[in-house]
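Input: a single structure, listed below in structure tokens.
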Amino acid sequence: MLLGCRKVQSMAILYLAERFLLFVASSVPFILLLVVSSGS
1 MLLGCRKVQS MAILYLAERF LLFVASSVPF ILLLVVSSGS
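Letter by letter, the sequence shown follows residues 1 to 40 in full-length UniProt numbering.
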């Protein structure tokens, strides 16, 4: 039972980490665009 919970927990953490990385990767171009447009 504990092993199953541990596996589900690790899968959930991996899923959340993947979603977070995708979110960061998709927001980076917008941040760069804001920095460039405000800098020029």
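Quick reminder that beta carbons are idealized off the backbone N, C-alpha and C, glycines included.
Keep in mind that this is a model prediction, so the values were computed, not measured.
Given this structure, state the Cα-to-Cα distance separating residue i from residue j, to the nearest angstrom.
| i | j | result |
| --- | --- | --- |
| SER37 | VAL28 | 14 angstroms |
| SER26 | GLY4 | 33 angstroms |
| SER10 | GLY39 | 42 angstroms |
| ARG6 | PHE23 | 26 angstroms |
| TYR15 | VAL8 | 10 angstroms |
If you measure from the beta carbon of residue i to each beta carbon in chain C, is any gap under 8 angstroms?
| i | result |
| --- | --- |
| LEU21 | Among the chains of the structure shown, chain C does not appear; only one protein chain is present. |
So, for residue i: in the same chain, excluding its five sequence neighbours on each side, which residues have a beta-carbon less than 7 angstroms away from its beta-carbon?
| i | result |
| --- | --- |
| PHE20 | none |
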